[in-house]
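Colleague: Order-wise, the sequence lines are chains A and B. Counting in the working numbering, the first sequence runs from 1 upward without gaps. Counting in the working numbering, the second sequence runs from 355 upward without gaps. Don't be surprised by glycine CBs; every beta carbon is placed ideally from N, CA and C.
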Amino acid sequence: MEVILEDKILLAHGSGGKLAHELIEKSFVKALANPFLAKLDDSAVIDLSGRLAFTTDSYVVSPIFFPGGDIGKLAVCGTVNDLAMSGANPLYLSLSFIIEEGLPRAELDQIVESTRKATQEAEVEIVTGDTKVVHRGSADKLFINTAGVGIIAEGVNISGSNARPGDKVILSGTIGDHGIAVLSQREGLSFSTRLESDCAPLGSLVAEMLAASPNIHCLRDPTRGGLATSLNELAKQSKVGIRIEEEKIPVREEVLAACEMLGFDPLYVANEGKLVAIVPTEDADKVLGAMRKNRYGKRAAIIGEVSGEHPGRVVMKTVLGASRIVDMLVGDLLPRICKLLYAIGREHSEIWSK
Amino acid sequence: MEFCGGHTVTIFRYGIRQVLPQTIAMVSGPGCPICVTANADLDKAIALSQIPGVIIATFGDMLKVPGSHTSLQKVKANGADVRTVYSTMDALKIAEADSNKSVVFLGIGFETTAPTIAASVLQAEEKEIRNYYVLSLHKLCPPVIQAILDSGEVKLDGLICPGHVSAIIGSHPWEFIARDYGIPCVVSGFEPLDILQCVDMLVAQIENGESKVEIAYRRGVRPEGNQQALKLMEQVFEPCPARWRGMGEVPDSGLKLRQEYQRFDAELAFDIALGPAYEPTGCICGDILRGVKTPLDCQLFGKACTPQYPVGPCMVSSEGACSAYYLYGGDFGG
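Right, dumping it as structure tokens:
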């Protein structure tokens with residue numbers, strides 16, 4: 001049987017038979033090589049001690065390749081970041097693929113390779129995994145589920161409910177890069193931008209922040225729903241108010257331009273390599289200094305502070321000096337019709353000139 | 355009055371009402387394409403989705419808007435084929451990919467969206483795509499402003515004219531407002547400074563006792579508009595009466611496909627049976643769209659009607675006045 005020559009994933013690749021074994025060994029075990037995976041046992045057996053952080057997440061991003069990353073890198077970074085946001089040192093991940101039949105083998109291999117690179121950078125290992133193949137139409141090319149564990153050091157106590165009035169709010173860099181980069185690749189919406197997703201593992205950044213001050217109160221990565229949603233979650237969990245200043249929030253020109261075109265507010269656009277930290281005032285400068293030394297925190301800034309007023313709400317001083325509420329995102333972020341079609345017509349002027 | 359929902363969002367997002375002097379009151383107008391779509395037209399779109407073999411292609415905002423009995427979102431969950439698209443090109447691709455199905459694109463919007471939708475009809479003709487249809491619910495802005503002014507319900511001292519609409523139609527179509535109704539008009543962009551500059555220009559006209567049409571949004575708008583886009587629109591569509599939420603039928607305020615392109619007209623291609631349309635009890639979206647009331651006058655606002663569980667369209671659409679009041683308002687804004 002010429003199994004090696006199959007250039008697309010077939011249902012048989014998920015059957016548990018020969019094709020499945022070939023796929024697992026050639027595509028996964030080889031690329032992600034480590035002693036745990038090489039054993040091919042039913043479970044990974046690991047010695048661990050200390051306080052364990054345990055998280056899981058599923059990834060269904062479309063398109064699966066986008067500027068600055070792909071679904072594989074995203075799956076590793078997302079789970080590593082969830083562990084890091086609990087103050088844990090991320091260690092071991094599981095990796096499950098749900099593949100739609102017909103996915104080109106080359107695309108799968110490319111995704112496994114970027115998964116490998118991401119685990120290498122994040123210094124974590126994939127110790128267990130699974131593959132299923134489903135009928136065409138039952139999934140969108142590829143879905144990935146990951147779970148991860150990490151150990152939390154003594155003396156570290158990070159939770160969304162720890163923010164106290166007077167604390168400073170620190171953001172690690174520009175917002176909206178991931179969401180706009182992915183959107184720029186959507187079919188029918190393609191607009192030219194040099195923007196890349198900020199998708200990155202933040203384990204080292206968090207480790208360096210904790211080395212500067214173990215007293216960090218809250219950490220959160222503002223993924224879907226954006227910065228606005230993360231800050232609202234923290235305000236509600238801690239029953240405090242949060243005040244931020246619009247002009248202190250770093251946003252790239254390209255992101256602002258795309259948001260203007262689509263009618264988006266960058267505060268609600270997704271990030272995959274940013275974090276927001278709530279830190280006691282006396283430690284804020286130390287933590288900020290440590291962040292700026294890390295490659296993923298170069299543009300870190302103090303964007304506001306925690307207050308005892310208006311508990312559960314986030315208020316922003318706008319560039320005009322007025323104040324307004326920043327609410328959570330409701331539903332999906334949708335482009336405004338007028339702006340969108342007008343922009344498409346103008347961007348692709350050949351449409352109008354026919 | 356700011357006509358355009360995009361302006362309403364800017365005004366709330368940057369807290370412009372707070373920084374203006376007390377003597378200036380801003381009134382939100384009917385410039386949200388989702389909001390002004392009448393329930394009878396929504397019902398039509400929903401009825402189309404129930405016809406076997408029909409795929410509805412629409413912008414995401416439309417999905418959640420409740421019609422008389424249900425919404426596209428709910429019929430989709432019950433098995434209707436309703437697809438969210440980001441552009442007309444996506445809808446054409448769906449039609450090309452599945453020639454056994456009929457794709458109906460919901461043609462929502464003002465003069466800004468009509469040229470791109472007109473282009474899709476021409477593309478479909480050129481590529482001989484025979485299963486692509488448009489349900490034309492387009493609305494035209496100048497006629498509805500005239501209807502609002504003629505009703506005498508709101509007394510306006512100045513009009514912030516829509517930026518993108520004017521980029522297409524130019525500033526000339528607003529001149530009758532300055533001339534016949536004596537109301538100063540300024541076309542504005544969407545940045546906070548654009549709006550402030552526009553308000554400043556309106557105040558200057560009022561203080562000088564003038565009423566003329568000015569353009570504050572010079573980087574986007576020329577007096578004559580975009581001739582290419584206008585030509586496209588006129589080639590494919592012709593004006594017709596249109597139903598507006600809260601305003602009823604307004605003459606010459608809609609667009610229908612011209613006779614040459616009637617085979618793309620979803621209303622003619624499908625047999626749609628409709629019962630009477632109902633408005634949700636207590637919802638005052640119609641009054642809000644006419645500028646007669648504000649969302650704060652609505653007893654449902656923030657209680658029975660929120661962006662999560664919207665009752666009326668002004669709470670659903672991201673450009674709707676209720677949504678802007680709710681998201682950016684509260685105790686600290688507007």
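Would you list, in chain order, the members of the segment 320 to 340 of chain A that have their beta-carbon closer than 8 angstroms to a beta-carbon of chain B?
Modeller: Within the segment 320 to 340 of chain A, the qualifying residues are L320, G321, A322, S323, R324, I325, D327, V330, G331, D332, L334, P335, R336, I337, C338, K339, L340.
Colleague: Going by beta-carbon coordinates alone, are E673/B and R324/A separated by less than 8 angstroms?
Modeller: In the second sequence, residue 673/B corresponds to position 319, counting from 1. In the first sequence, residue 324/A corresponds to position 324, counting from 1. Cβ distance not < 8 angstroms, so E673/B and R324/A don't count as in contact.
Colleague: So, with DSSP's three-state summary, where would you put F366/B?
Modeller: Here residue 366/B corresponds to residue number 12 of the second sequence, with the count starting at 1. Residue state, collapsed to three classes: helix.
Colleague: With distances taken from CA atoms, which of G17/A, L171/A, F36/A, F28/A is nearest K117/A?
Modeller: As a position in the first sequence, residue 117/A is number 117, starting the count at 1. Residue F28/A is the option with its Cα nearest to K117/A.
Colleague: Just the Cα atoms here: how many angstroms apart are I523/B and E465/B?
Modeller: Position 169 of the second sequence holds residue 523/B. Position 111 of the second sequence holds residue 465/B. Distance between the alpha carbons of I523/B and E465/B is about 7 angstroms.
Colleague: Around the C-beta of K610/B, are 16 or more other C-beta atoms found within 10 angstroms, so that it is buried, or is it exposed?
Modeller: Here residue 610/B corresponds to residue number 256 of the second sequence, with the count starting at 1. Buried.
Colleague: Does Y663/B pass the burial test, meaning 16 or more other C-beta atoms within 10 Å, or should it be called exposed?
Modeller: For the purposes of this step, residue 663/B is taken as residue 309 along the second sequence, with counting starting at 1. Counting Cβ neighbours within 10 Å, Y663/B comes out exposed, since fewer than 16 surround it.
Colleague: What residue ranges within the segment 149 to 196 of chain A form continuous alpha helix (DSSP H) runs of no fewer than 4 residues, ordered along the chain?
Modeller: Counting whole runs of 4 or more residues, the segment 149 to 196 of chain A contains the alpha helix (DSSP H) stretches 177 to 183.
Colleague: Am I right that V436/B and K430/B are in contact with their C-beta atoms under 8 angstroms? What's the rounded C-beta distance?
Modeller: As a working mapping, residue 436/B is identified with position 82 in the second sequence. As a working mapping, residue 430/B is identified with position 76 in the second sequence. Right, their Cβ atoms sit about 4 angstroms apart.
Colleague: On the criterion of 16 or more Cβ atoms from any shown chain inside 10 Å, does M1/A qualify as buried, or is it exposed?
Modeller: One-based indexing of the first sequence puts residue 1/A at position 1. Note that M1/A scores 44 on pLDDT, short of 50, meaning its location in the model is unreliable; the coordinates nonetheless yield the value given after this. Its Cβ having fewer than 16 others within 10 Å, M1/A is exposed.
Colleague: Any beta-carbon of chain B closer than 8 angstroms to the one on D265/A?
Modeller: Taking the first residue of the first sequence as 1, we reach residue 265/A at position 265. Yes, its Cβ sits closer than 8 angstroms to a Cβ of chain B.
Colleague: Mind pulling the chain A residues with CB within less than 7 angstroms of E673/B?
Modeller: If you number the second sequence from 1, residue 673/B lands on position 319. Ordered by position in chain A, the residues that pass the 7 angstroms Cβ test against E673/B are R336.
Colleague: Give a yes or no on whether 8 angstroms exceeds the smallest Cβ distance from G360/B to chain A.
Modeller: Taking the second sequence and counting its residues from 1, the one referred to as residue 360/B is at position 6. Answer yes: the Cβ-Cβ gap between G360/B and chain A drops below 8 angstroms somewhere.
Colleague: Report the neighbours of E260/A on chain B: residues whose CB is nearer than 9 angstroms to its CB, in chain order.
Modeller: Taking the first residue of the first sequence as 1, we reach residue 260/A at position 260. Going along chain B in sequence order, the residues near E260/A (Cβ under 9 angstroms) are F544, E545.
Colleague: Between which two residues does the beta strand (DSSP E) containing M355/B stretch?
Modeller: Looking up residue 355/B in the second sequence gives position 1. Taken as a continuous stretch (DSSP letters only), M355/B belongs to no beta strand (DSSP E), as it is neither H nor E.
Colleague: For the beta strand (DSSP E) containing N81/A, name the first residue and the last one.
Modeller: As a position in the first sequence, residue 81/A is number 81, starting the count at 1. Not the beta strand (DSSP E): N81/A falls in the alpha helix (DSSP H), residues 71 to 84.
Colleague: Taking Cβ positions, are L219/A and M85/A nearer each other than 8 angstroms?
Modeller: For the purposes of this step, residue 219/A is taken as the residue at position 219 of the first sequence. For the purposes of this step, residue 85/A is taken as the residue at position 85 of the first sequence. In this structure, M85/A lies closer than 8 angstroms to L219/A by Cβ.
Colleague: Quick one: is K293/A buried, meaning 16 or more other Cβ sit within 10 Å of its Cβ, or exposed?
Modeller: The count along the first sequence starts at 1 and reaches residue 293/A at position 293. By the neighbour-count rule (16 or more Cβ atoms within 10 Å), K293/A is not buried but exposed.
Colleague: In chain B, which residues lie less than 8 angstroms from T318/A when you measure between Cβ atoms?
Modeller: As a working mapping, residue 318/A is identified with position 318 in the first sequence. The contacting residues are R367, Y368, G369, P546.
Colleague: For T595/B, count the other beta carbons within 10 Å of its own beta carbon; 16 or more makes it buried, fewer makes it exposed. Which is it?
Modeller: Within the second sequence, residue 595/B is the residue found at index 241, counting from 1. The sequence shown places Pro at residue 595/B, not Thr. P595/B is exposed by the Cβ-count criterion.
Colleague: Closer than 7 angstroms by beta-carbon distance: list the chain A residues that pair up with T466/B, in chain order.
Modeller: Counted from its first residue, the second sequence places residue 466/B at position 112. Simply C338, L341, Y342.
Colleague: Measuring only between beta-carbons, confirm whether R136/A sits less than 8 angstroms from chain B.
Modeller: Residue 136/A sits at position 136 when you count from the first residue of the first sequence. Output row for R136/A: interface = no.
Colleague: Considering only the alpha carbon of each residue, which of G574/B, G407/B, P469/B lies closest to A449/B?
Modeller: As a first step, residue 449/B must be located in the second sequence, where it is residue number 95. Here the closest residue by C-alpha is G407/B.
Colleague: What are the residues of the segment 452 to 463 of chain B that lie near chain A, defined by any Cβ-Cβ distance shorter than 9 angstroms?
Modeller: Here the close residues are I462, G463.
Colleague: Just how far apart, CA to CA, sit G14/A and A106/A?
Modeller: Taking the first residue of the first sequence as position 1, residue 14/A is located at position 14. Taking the first residue of the first sequence as position 1, residue 106/A is located at position 106. Cα to Cα, the separation comes out at about 17 angstroms.
Colleague: Just tell me which of D57/A, S159/A, E196/A, G129/A has its CA closest to the CA of V255/A.
Modeller: Counting from 1 along the first sequence, the entry for residue 255/A is found at position 255. Closest option to V255/A, Cα to Cα, is E196/A.
Colleague: Could you tell me whether any Cβ in chain A is nearer than 8 angstroms to the Cβ of V373/B?
Modeller: In the second sequence, the residue the question calls residue 373/B occupies position 19. So yes, V373/B belongs to the interface.
Colleague: What are the residues of the segment 429 to 444 of chain B that lie near chain A, defined by any Cβ-Cβ distance shorter than 8 angstroms?
Modeller: Going along the segment 429 to 444 of chain B in chain order, one finds V439, Y440, S441, T442, M443, D444 with a Cβ nearer than 8 angstroms to chain A.
Colleague: Anything in chain A within Cβ reach of G414/B, meaning under 7 angstroms, just list it in chain order.
Modeller: On the second sequence, position 60 is the one that residue 414/B refers to. Simply D332, L334.
Colleague: Roughly how many angstroms separate the alpha carbons of K339/A and C386/B, rounded to a whole number?
Modeller: Position 339 of the first sequence, counting from 1, holds the residue named residue 339/A. Position 32 of the second sequence, counting from 1, holds the residue named residue 386/B. Taking the straight line from one Cα to the other gives about 11 angstroms.
Colleague: Hey, could you find the ends of the beta strand (DSSP E) M316/A is sitting in?
Modeller: As a working mapping, residue 316/A is identified with position 316 in the first sequence. Taken as a continuous stretch (DSSP letters only), the beta strand (DSSP E) holding M316/A covers 314 to 317.
Colleague: From P516/B to A53/A, what does the alpha carbon distance come to, in whole angstroms?
Modeller: The sequence position of residue 516/B within the second sequence is 162, counting from 1. The sequence position of residue 53/A within the first sequence is 53, counting from 1. Roughly 52 angstroms between the two C-alpha positions.
Colleague: Tell me which same chain residues have a C-beta within less than 6 angstroms of the C-beta of Q581/B, skipping the five on either side of it?
Modeller: Within the second sequence, numbered from 1, the residue matching residue 581/B stands at position 227. Excluding positions up to five away in sequence, the list is empty.
Colleague: Classify K39/A as helix, strand or coil using the three-state DSSP reduction.
Modeller: As a working note, residue 39/A is residue 39 in the first sequence. The answer is coil: DSSP assigns K39/A none of H, G, I, E or B.
Colleague: Per DSSP, what kind of secondary structure is N89/A in: helix, strand or coil?
Modeller: What you label residue 89/A is simply residue 89 of the first sequence in a count that begins at 1. Note: N89/A maps to strand in three-state DSSP.
Colleague: Please determine, among L262/A, G203/A, R313/A, the residue with the shortest C-alpha to C-alpha distance to I244/A.
Modeller: Here the question's residue 244/A lines up with position 244 in the first sequence. I244/A has its Cα closest to that of R313/A, out of L262/A, G203/A, R313/A.
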